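Colleague: Residue numbers (my numbering): 36 to 190.
Right, I'll just put the structure down here and ask away after.
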């Protein structure tokens, strides 16, 4: 009798640690509740889906810190095997950060460089740069938090 109780107890403990095979809709629902009830994240409009226990978070955020917080909250949901971060820093926030970084640099601040962004991809445009300025501008843009990719469209 004692060995059967031990087996049942261990099975229950294992079930709790892996989420008891929760359904994807249940996982996605709890992940959504955790994100939307968090004081720092409740204003975000994220798409939250789950497939085979892998939760995907998609949408724009004001910062990578918000993304890290959302991922952390979702990882704690029972049944979550992994979290895919498909979030990006809001385009306007990213553009402002890249412009500030370029303006602070003595080499790039002397040249007019247009900055555009879409879902974490930064595009730099200018018709009056040298190779040295282009390389420096791309390097600076890559250092900006939230820049996933930088495209050099400068001449």
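Glycine included, every Cβ here is placed at the ideal spot set by N, Cα and C.
Owing to the predicted nature of the structure, the values given are computational and were not obtained by experimental measurement.
My guess is that residue 158 and residue 188 are in contact by the Cβ rule of under 8 Å, so how many angstroms apart are they, rounded?
Modeller: Against the chain shown, residue 158 aligns to sequence position 123. Against the chain shown, residue 188 aligns to sequence position 153. About 6 Å; that satisfies the 8 Å criterion.
Colleague: Relative to the alpha-carbon of residue 111, which residue among 139, 62 and 153 has its alpha-carbon at the smallest distance?
Modeller: Translated into the one-based positions of the chain shown, residue 111 becomes position 76. The shortest C-alpha separation from residue 111 is found at 62.
Colleague: What are the boundary residues of the beta strand (DSSP E) that residue 151 is part of?
Modeller: By 1-based counting over the chain shown, the position of residue 151 is 116. Segment 149-153, the beta strand (DSSP E) holding residue 151.
Colleague: In this structure, does DSSP put residue 80 in helix, strand or coil?
Modeller: Sequence index remark: in the chain shown, residue 80 carries index 45 (1-based). Residue state, collapsed to three classes: coil.
Colleague: Have a look at the DSSP bridge pairing and note the partners of residue 158.
Modeller: In the chain shown, the residue the question calls residue 158 occupies position 123. Answer by DSSP bridge pairing, in chain order: 151 and 186.
Colleague: Between residue 75 and the rest of its own chain, which residues show a CB-CB distance below 8 Å, the 5 nearest in sequence each way excluded?
Modeller: For this step, residue 75 is matched to residue 40 along the chain shown. The residues are 101 and 104.
Colleague: Scan the region 102-146 and note each continuous alpha helix (DSSP H) run of 4 residues or more that stays entirely inside, going in chain order.
Modeller: Runs found: 126-139.
Colleague: Helix, strand or coil for residue 95? Go by DSSP, reduced to three states.
Modeller: Counting from one through the chain shown, the residue named residue 95 turns up at place 60. Strand, per DSSP.
Colleague: Keeping to the same chain, check which residues put their C-beta closer than 7 Å to that of residue 163; ignore five residues upstream and five downstream.
Modeller: Here the question's residue 163 lines up with position 128 in the chain shown. Excluding sequence neighbours, residue 163 sits near 146 and 147.
Colleague: Please work out which residues of its chain come closer than 7 Å, Cβ to Cβ, to residue 126, disregarding the five sequence neighbours upstream and downstream, and give them in chain order.
Modeller: Within the chain shown, residue 126 is the residue found at index 91, counting from 1. Once the five neighbours on either side are set aside, the close Cβ partners of residue 126 are 152 and 153.
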